[in-house]
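**Student:** Taking the working numbering, I'd label the letters of the sequence shown as residues 188 to 721. Each residue gets a CB set at the ideal place from its N, CA and C atoms; glycine is no exception. From a predicted model like this one, the values you see are computed outputs, not experimental measurements. Structure below; questions to follow.
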Amino acid sequence: MTDTNEAPSFGRALAIKFRRVFLPLLLAVVALLGVYSALNWLLLAGSAAPFLDKDVANYWLPGVLACVLAFVFVWPGIKLLRLSEKRSLPLIYSLLAAAAIAGPALLAQNYVSRAAGDVTDLAEAAQIATAPPAKFYTVHHLCFALVGTRGQPVVSLSGRHDERMDFDFYVTVPVCNGNAMSKTVWIGLTFHKQIDNSLPDAAKDAAFHAFGQEVQAAINATDPAQYRFLVRAAPSQDRRNFEKALQNGHIDTTGVVFLEPHTEAFADRAGRSLPYAFEGLLAAIVIWFLLVMPIPLKDPEDLAPPKPSLKTWEPTGEAAEAPDTDAGSLARLFVPTRENYGLALLLDINIGVYLAMVIAGLGVVSFQTDDLMNWGANYGPALHGLGLLRLISCQFVHAGIMHLAGNMYGLLIIGMFLIPVITNARLIACYLICGLGGSIASATMHPDIVGVGASGAIFGLAGILLVLLGLNDWRVAAIRRGALINIGIFVVYNLAIGAATPGIDNAAHVGGLATGAVVGLVLFAMGRRSAPPA
């Protein structure tokens with residue numbers, strides 16, 4: 188910034204903030220918006236057969252790129268501002284920077300996905316099977332063969348505490364092919380209804396059956412002439428559900444084309460998505476300017492680079508201190524080393540299974556029950572023979588990204604507290620044993636529920652730590668007060684939420700916690716034999 192130890196003048200400070208904090212974000216916003224939108228238009232959104240899931244291309248990939256750009260280009264400038272560390276303002280500003288970079292790009296992809304692509308005009312919808320592939324179609328005579336209708340119901344939970352139950356019906360209807368029905372061209376229709384998840388099971392069943400009747404009535408009353416153009420369904424969760432609807436009727440989906448009908452005029456297909464993107468761009472720039480420019484710069488002595496430190500946190504024979512929480516230490520928690528690999532492997536395996544399910548095309552935000560079953564979910568009737576392995580495999584499968592994020596946060600925090608006592612192979616063994624206790628409890632108490640997640644194992648690790656803290660184990664004496672408060676709040680809060688919220692399996696939590704308490708007593712006894720002399 189300057190070669191002197193004097194604070195820069197007001198004008199100089201404004202120039203520094205503009206050049207080092209505001210301008211990098213502006214360039215990152217424009218770059219992501221322009222470059223990514225152009226690539227998406229040319230390679231994905233306009234293609235009749237894109238190779239990437241629509242949600243990944245339009246939301247998750249630009250969101251991740253925005254975070255990378257914020258960290259690489261904007262974060263160094265944020266560190267120049269005098270922001271309160273106690274209030275975590277630097278972290279909040281970095282998150283706001285990522286949101287400002289991502290927002291306009293996400294809005295732009297909505298326009299790109301609607302507008303990009305060629306349109307083909309045909310006389311009959313059945314001709315799509317032999318016509319050159321296109322993204323959009325206009326059909327002069329659209330006819331539905333209702334006799335071949337197939338459906339795929341999907342029930343899911345939503346809301347912060349799963350307070351709502353969502354019913355979705357994915358219906359596929361073949362188009363007419365002369366006097367018969369087409370085997371390769373299908374119309375895909377979606378229907379949605381939401382109810383209160385706190386209703387009794389009988390009321391939920393009644394609402395579901397009533398919704399099915401409403402869907403059937405709506406299909407029977409549908410007039411194909413109302414649809415003005417058709418869009419070829421891209422790889423997405425909707426398309427996967429259309430495929431499942433056919434597979435339920437034992438129909439081969441190889442080479443099948445699914446078309447989503449629209450009632451608006453083709454010229455109006457993008458709506459106001461493009462103006463929204465430019466309005467988002469302007470809002471991001473103005474808000475970031477107002478957030479950055481009034482904040483003073485740090486004093487020159489505060490901007491001096493810190494002295495390098497090679498300190499690492501490793502378990503010793505003495506009472507443990509709290510682990511470092513700098514970026515390097517956190518990075519080491521995810522990178523297995525010969526000395527410390529237990530926690531890193533558990534985190535990486537859980538995250539790796541989720542990413543594998545995403546790459547397999549099962550979704551991003553959430554996965555459906557049958558897919559979870561295929562990947563090893565816990566389910567009472569399936570626990571026989573090799574199916575008993577589900578008691579272990581379910582500990583590494585999660586229902587979606589938020590489920591994974593919550594569990595990995597808990598595993599990371601509790602694992603860091605446990606490192607003074609158990610590391611590497613012992614930590615992995617404790618995770619599996621506690622998770623097994625939770626899985627058995629879940630399958631015993633709720634045999635008809637499909638269960639996934641690491642929460643049973645994490646509650647077990649929390650149980651181990653609570654026992655060691657309660658018995659004042661010498662290995663955790665230095666962190667006793669802070670760890671006891673944090674872990675106690677974690678256990679009580681999650682058990683309370685599980686008891687009050689339908690859809691959360693508290694049996695797995697309690698089973699894992701009880702198993703962890705037993706394991707904790709064993710570890711305490713082992714620790715007493717190796718305690719240092721007083």
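(1) Which residue comes first and which comes last in the beta strand (DSSP E) that contains N527?
(2) Under three-state DSSP, which class holds H696?
(3) Would you call D240 buried or exposed, if buried means 16 or more other Cβ atoms sit within 10 Å of its Cβ?
(4) State yes or no: is the C-beta of A649 within less than 8 angstroms of the C-beta of V608?
(5) P607 by DSSP, collapsed to three states: which one?
(6) Taking the straight line between their C-alpha atoms, what separation do you get for V362 and A394?
(7) If you reduce the DSSP assignment to three classes, tell me which class R613 lands in.
(8) State yes or no: is the C-beta of V216 within less than 8 angstroms of the C-beta of I474?
(9) Can L248 and L219 be called in contact, C-beta distance under 8 angstroms?
(10) According to DSSP, is G650 part of a helix, a strand, or is it coil?
(11) Note the first and the last residue of the continuous beta strand (DSSP E) segment covering A310.
(12) Can L653 and I676 be called in contact, C-beta distance under 8 angstroms?
(13) So what does DSSP say about S271, is it helix, strand or coil?
(14) Identify the residues that DSSP records as bridge partners of G763: which are they?
(15) Is it true that the CB of V706 sits closer than 8 angstroms to the CB of C581?
(16) Going by beta carbon distance, what residues of the same chain come within less than 6 angstroms of E447, once the five residues before and after it are set aside?
(17) Enumerate in chain order the residues of its own chain whose CB-to-CB distance from F378 is below 6 angstroms, with the five nearest sequence positions on each side excluded.
(18) Taking all protein chains shown into account, decide if N435 is buried (16 or more other Cβ within 10 angstroms of its Cβ) or exposed.
(19) Please report the straight-line C-alpha distance between A432 and A405, rounded to a whole angstrom.
(20) Count Cβ pairs between the stretch 524-539 and the stretch 591-603 that sit closer than 8 angstroms; are there 3 or more?
(21) What does a CB cutoff of less than 8 angstroms around V637 pick up in its chain, not counting 5 residues either side in sequence?
(22) Using the C-alpha atoms, what's the distance from V545 back to G539?
(23) Just list the residues that DSSP pairs R351 with in beta bridges.
(24) Between N594, K485, L623, F260, which has its C-alpha nearest D535's C-alpha?
(25) Assess contact between the stretch 255-273 and the stretch 454-473, defined as three or more Cβ pairs (one per stretch) separated by less than 8 angstroms. Is contact present?
(26) Out of H633, N611, L283, which one is the CA nearest neighbour of F521?
(27) Taking a contact to mean a Cβ-Cβ separation below 8 angstroms, would you say L614 touches L655 in this structure?
(28) When DSSP builds the beta bridges, which residues end up paired with R337?
(29) Helix, strand or coil: which one does DSSP assign to L497?
(30) Alpha carbon to alpha carbon, how far is P634 from M145? Give it in angstroms, no decimals.
**Tutor:** Short version:
(1) Note, N527: premise wrong, no beta strand (DSSP E); not H, not E.
(2) helix
(3) buried
(4) no
(5) coil
(6) 30 angstroms
(7) helix
(8) no
(9) no
(10) helix
(11) 306-311
(12) no
(13) coil
(14) Since the displayed the chain opens at 188 and closes at 721, residue 763 lies outside it and no answer follows.
(15) no
(16) G375, V418, A420
(17) F356, V402
(18) exposed
(19) 18 angstroms
(20) yes
(21) T556, L559, M560, A564, N565, Y566
(22) 10 angstroms
(23) S345, D383
(24) N594
(25) no
(26) N611
(27) no
(28) T359
(29) Residue confidence for L497 is low, a pLDDT of 40 falling below 50, so the modelled location carries little weight; the figure read from the coordinates is stated next. Coil at L497, not helix or strand.
(30) With the chain covering 188 to 721 only, the question about residue 145 has no answer from this structure.
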